[in-house]
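Novice: Its first residue numbered 1050, the sequence shown is counted upward by one per residue in our numbering.
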Amino acid sequence: MKGKGCLIGGGILVILAIIGFWAVGKYNGFVPLQEKVNAQWSNVENTYQKRADLVPNLVNTVKGAANFEQSTLTSVIEARAKATSTQIKIDDVDQLTDENIAKFQAAQDELSGALSRLLVSVEQYPQLTATQNFQSLQAELSSIEQEVLFERRKYNEVAEGFNSTIKTFPNNIIANFGNFKEKGYFKAAAGSENAPTVDFNK
């Protein structure tokens, strides 16, 4: 009887060990997926930062034009300040939510709108748009806008892969215990399938 009890106890320990190893394996599998999401979010932020870094050069080039609208330049500068100050801390698993990403995106979209208004105004100054410096900024800004779209799309893809993995049973059990949280997405606004127009050669 004692031997049978030891056998049962030993069997339970084996089963618990198997479950434990399985759980650890699942947990360790979630970690690189989450790191991939975080890395891609960093790529998104870096691309937006490249655009923000370009704004001072653009503003300095434009403000040299006689009688250029100061209010337009001011709105770009203010929008840039807001965009660069709106950040998400990816080391906090509670930060990458739909709500926080929407706020981040709204600040970036505000800068996009301010830049678009600036570029429309610039078209009234052909002597400015003809300069090599301005044309170089035009090409760089256009390239960055395409990068933004690419990195955002890639972020959504890796976030979707992560979310699908941690939400399926029985992965969701380990994800809950391990504090792996579902990631938010970038939402495309109506009519925003393409990058903002930054073509000065209309």
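No residue lacks a Cβ here, since even glycine has one placed at the ideal position from N, Cα and C.
So is L1062 buried or exposed if we call it buried at 16+ other beta carbons inside 10 Å?
Specialist: The count along the sequence shown starts at 1 and reaches residue 1062 at position 13. The residue is exposed, with fewer than 16 neighbouring Cβ atoms inside 10 Å.
Novice: Contact check, L1122 vs V1104 under 8 Å by CB: the rounded distance?
Specialist: Locating residue 1122 in the sequence shown gives position 73, where the first residue counts as 1. Locating residue 1104 in the sequence shown gives position 55, where the first residue counts as 1. Not really, about 10 Å apart at Cβ, beyond 8 Å.
Novice: Mind checking which residues open and close the alpha helix (DSSP H) that includes D1158?
Specialist: Within the sequence shown, numbered from 1, the residue matching residue 1158 stands at position 109. From DSSP, the alpha helix (DSSP H) with D1158 extends over 1147-1171.
Novice: With a CB to CB cut of under 7 Å and the five nearest residues on each side skipped, what residues in its chain are close to T1146?
Specialist: Here residue 1146 corresponds to residue number 97 of the sequence shown, with the count starting at 1. Only G1233 meet the Cβ criterion.
Novice: Taking only the alpha-carbon atoms, compute the straight-line gap between A1114 and S1191 and give it to the nearest angstrom.
Specialist: For the purposes of this step, residue 1114 is identified with residue 65 of the sequence shown, where counting begins at 1. For the purposes of this step, residue 1191 is identified with residue 142 of the sequence shown, where counting begins at 1. Roughly 22 Å separates the two Cα atoms.
Novice: Any idea what DSSP makes of K1131, helix, strand or coil?
Specialist: By 1-based counting over the sequence shown, the position of residue 1131 is 82. Reduced to three states, the DSSP call for K1131 is helix.
Novice: Could you tell me whether any non-hydrogen atom of the ligand MN is closer than 8 Å to the CB of K1216?
Specialist: This structure does not include the ligand MN; it has no bound ligands of any sort.
Novice: Note the first and the last residue of the continuous alpha helix (DSSP H) segment covering V1197.
Specialist: Here residue 1197 refers to the residue found at position 148 of the sequence shown. It spans 1181-1216 - the alpha helix (DSSP H) in which V1197 sits, taken as one unbroken run.
Novice: Could you check how far apart the C-beta atoms of V1108 and I1126 are, in whole angstroms? I think they sit under 8 Å.
Specialist: As a working note, residue 1108 is residue 59 in the sequence shown. As a working note, residue 1126 is residue 77 in the sequence shown. Right, the Cβ-Cβ distance comes to about 6 Å (below 8 Å), so this counts as a contact.
Novice: Taking only three categories from DSSP, how would you classify K1099?
Specialist: The count along the sequence shown starts at 1 and reaches residue 1099 at position 50. The answer is helix: DSSP assigns K1099 an H, G or I state.
Novice: Less than 8 Å between the CB atoms is what I'm expecting for A1128 and I1223, so what's the real figure, rounded?
Specialist: Translated into the one-based positions of the sequence shown, residue 1128 becomes position 79. Translated into the one-based positions of the sequence shown, residue 1223 becomes position 174. With 8 Å as the limit, A1128 and I1223 do not qualify as a contact, their Cβ atoms being about 43 Å apart.
Novice: Alpha carbon to alpha carbon, how far is N1077 from G1227?
Specialist: Indexing the sequence shown from 1 puts residue 1077 at position 28. Indexing the sequence shown from 1 puts residue 1227 at position 178. Roughly 10 Å separates the two Cα atoms.
Novice: On the DSSP letters alone, give me the boundaries of the alpha helix (DSSP H) that I1223 sits inside.
Specialist: Taking the first residue of the sequence shown as 1, we reach residue 1223 at position 174. Residues 1220-1226.
Novice: Assuming Q1083 and F1235 are in contact, meaning their beta carbons sit under 8 Å apart, how far apart are those beta carbons, in whole angstroms?
Specialist: In the sequence shown, the residue the question calls residue 1083 occupies position 34. In the sequence shown, the residue the question calls residue 1235 occupies position 186. With 8 Å as the limit, Q1083 and F1235 do not qualify as a contact, their Cβ atoms being about 18 Å apart.
Novice: Look at the Cβ atom of F1079, then the Cβ atom of I1215, and state whether they are nearer than 9 Å.
Specialist: Taking the sequence shown and counting its residues from 1, one reaches residue 1079 at position 30. Taking the sequence shown and counting its residues from 1, one reaches residue 1215 at position 166. The answer is yes: Cβ separation under 9 Å.
Novice: Among N1182, N1092, L1186, A1130, whose alpha-carbon lies nearest the alpha-carbon of L1198?
Specialist: Taking the first residue of the sequence shown as 1, we reach residue 1198 at position 149. Minimum Cα distance to L1198 is reached at N1092.
Novice: Taking the Cβ atom as the reference point for each residue, do V1169 and T1178 lie within a distance shorter than 9 Å?
Specialist: Residue mapping note: residue 1169 aligns to position 120 of the sequence shown, counting from 1. Residue mapping note: residue 1178 aligns to position 129 of the sequence shown, counting from 1. No.
Novice: Using DSSP with H/G/I as helix, E/B as strand and the rest coil, what is G1078?
Specialist: Position 29 of the sequence shown, counted from the start, is the residue given in the question as residue 1078. Here G1078 sits in helix by DSSP.
Novice: Relative to the C-alpha of V1086, which candidate in A1163, N1225, N1221, S1213 has its C-alpha closest?
Specialist: Taking the first residue of the sequence shown as 1, we reach residue 1086 at position 37. Ranking the options by Cα distance to V1086, first place goes to S1213.
Novice: Just confirm the distance between the C-beta atoms of A1132 and L1160, as a whole number of angstroms; I'd bet it's less than 8 Å.
Specialist: For this step, residue 1132 is matched to residue 83 along the sequence shown. For this step, residue 1160 is matched to residue 111 along the sequence shown. Indeed they touch by this definition, with Cβ atoms about 4 Å apart.
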